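Residue numbers (this note's numbering): 287 to 533.
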């Protein structure tokens with residue numbers, strides 16, 4: 287069964303229709319890369335999954351539970367646990383500047399999940415080791431490089447033990463030399479069978495790591511398929527034109 291099922295999603299900002307009857311699924315352990323030009327609705331789609339944007343029409347089913355059905359949202363108390371199954375990593379990190387790296391990681395599990403201090407400390411140490419930042423545990427975000435901040439953001443999302451990780455352009459705010467360290471953490475997560483939906487401009491990552499690639503343009507899914515099909519033999523002229531520009 288699919289972990290995420292999106293059906294007939296529609297979203298507008300005033301008169302601008304940014305999502306036009308979007309439908310797709312994400313299976314357990316699958317890595318789905320969403321590509322397309324800026325302004326095509328990719329980030330709005332991702333934010334809609336975690337209710338950072340409100341849709342006007344359609345349904346979102348996560349792990350068998352509707353968070354919105356036919357445009358009607360379920361009550362918040364009914365969807366709290368379902369929404370916590372999804373962790374999100376943002377383009378601009380969203381770390382708390384007044385908290386150390388360790389405190390950034392440990393805040394949500396203590397407040398939301400009521401995890402004990404001993405357990406949360408152990409988990410934060412393990413995740414900082416996973417992203418290669420144990421030695422930066424007591425440093426404030428202002429002392430970190432962009433790549434380090436994004437790795438902290440990934441570790442923070444993992445602290446909530448999500449079943450699904452959503453990435454919204456995780457490397458677009460980084461200098462090119464820092465991009466690789468973030469992509470490597472994401473590749474490692476994919477190899478560990480983490481279910482991921484990644485909005486990205488990194489075509490190499492999409493080609494190498496994704497199980498499926500979705501190409502969006504003007505609020506629509508134009509084409510989707512395996513990376514080799516999308517990158518080597520796209521069927522739609524808009525897909526071909528986009529890939530020609532970004533290669």
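Built from N, CA and C at the ideal position, the CB exists for glycine as well.
Remember, it's a predicted structure, so these values are computed and weren't measured experimentally.
Item to complete: Please report the residue range of the alpha helix (DSSP H) in which residue 492 lies.
Response: 489-495
Discussion item. For residue 353 and residue 296, I'd like the C-alpha separation in whole angstroms.
Written reply: In this model, residue 353 and residue 296 are separated by some 15 Å (Cα to Cα).
Worksheet item: In three-state terms, what does DSSP make of residue 400?
Response: coil
Worksheet entry | Residues near residue 322 in its chain [Cβ-Cβ closer than 7 Å; skip 5 each side] | Closer than 7 Å at the Cβ level, and outside the excluded window around residue 322, lie 328, 501, 502, 503 and 528.
Worksheet item: What distance in whole Å lies between the Cβ atoms of residue 422 and residue 434, which are believed to be in contact at a cut-off of 8 Å?
Response: 6 Å
Discussion item. Let me make sure I understand the geometry here. Which of 424, 473 and 357 has the alpha-carbon closest to that of residue 411?
Written reply: 424
Item to complete: Have a look at the DSSP bridge pairing and note the partners of residue 528.
Response: Paired residue(s): none; residue 528 is not in a bridge.
Practice prompt. Assign residue 519 to one of two classes, buried (16 or more other C-beta atoms within 10 Å of its C-beta) or exposed (fewer than that).
Written response: Per the 10 Å Cβ criterion, exposed.
Practice prompt. Report all residues from its chain with a CB closer than 8 Å to the CB of residue 426; omit the five preceding and five following residues, and keep chain order.
Written response: 383, 384, 385, 386 and 387
Worksheet entry | C-alpha gap between residue 330 and residue 484, whole angstroms | 13 Å
Fill in: Sub-8 Å separation of residue 507 and residue 481 beta-carbons
no
Worksheet item: Is the segment 360-377 touching the segment 442-456, taking contact as three or more C-beta pairs under 8 Å?
Response: yes
Worksheet item: Over what stretch of residues does the beta strand (DSSP E) that includes residue 374 continue unbroken?
Response: 372-375
Discussion item. Tell me the rounded alpha-carbon separation between residue 350 and residue 289.
Written reply: If I take the Cα positions, the gap works out to 7 Å.
Practice prompt. Compute the Euclidean distance between the alpha carbons of residue 343 and residue 294, then round it to the nearest angstrom.
Written response: Rounded to whole angstroms, residue 343 to residue 294 spans 7 Å at the Cα level.
Worksheet entry | Coarse secondary structure for residue 464, derived from DSSP in three states | helix
Worksheet item: Would the beta-carbon of residue 440 fall within 8 Å of that of residue 471?
Response: yes
Worksheet item: For residue 402, is the classification buried or exposed, using 16 other Cβ atoms within 10 angstroms of its Cβ as the cut-off for buried?
Response: By the neighbour-count definition (other C-beta atoms within 10 Å, threshold 16), residue 402 is an exposed residue.
Item to complete: Could you spell out the range, first to last residue, of the beta strand (DSSP E) harbouring residue 293?
Response: First-last of the beta strand (DSSP E) with residue 293: 288-299.
Worksheet entry | Residue closest to residue 438, alpha-carbon to alpha-carbon, out of 391, 406, 396 and 460 | Restricting attention to 391, 406, 396 and 460, the CA atom closest to the CA of residue 438 is found in 391.
Fill in: Separation of residue 356 from residue 333, as counted between CA atoms
18 Å
Discussion item. Within the continuous alpha helix (DSSP H) that includes residue 516, where are the two ends?
Written reply: Unbroken alpha helix (DSSP H) run through residue 516: 513-518.
Worksheet item: Excluding the five sequence neighbours on either side, which residues of its own chain have a C-beta within less than 7 Å of the C-beta of residue 509, listed in chain order?
Response: For residue 509, where only same-chain residues beyond five positions count, the Cβ hits under 7 Å are 501, 516, 520, 521, 522 and 525.
Fill in: 8 Å Cβ cutoff met for residue 304 and residue 476
no
Worksheet item: Does DSSP put residue 349 in a helix, in a strand, or in coil?
Response: coil
Practice prompt. Please classify residue 430: does DSSP put it in a helix, a strand, or coil?
Written response: Judged by DSSP in its simplified three-state form, residue 430 adopts coil rather than helix or strand.
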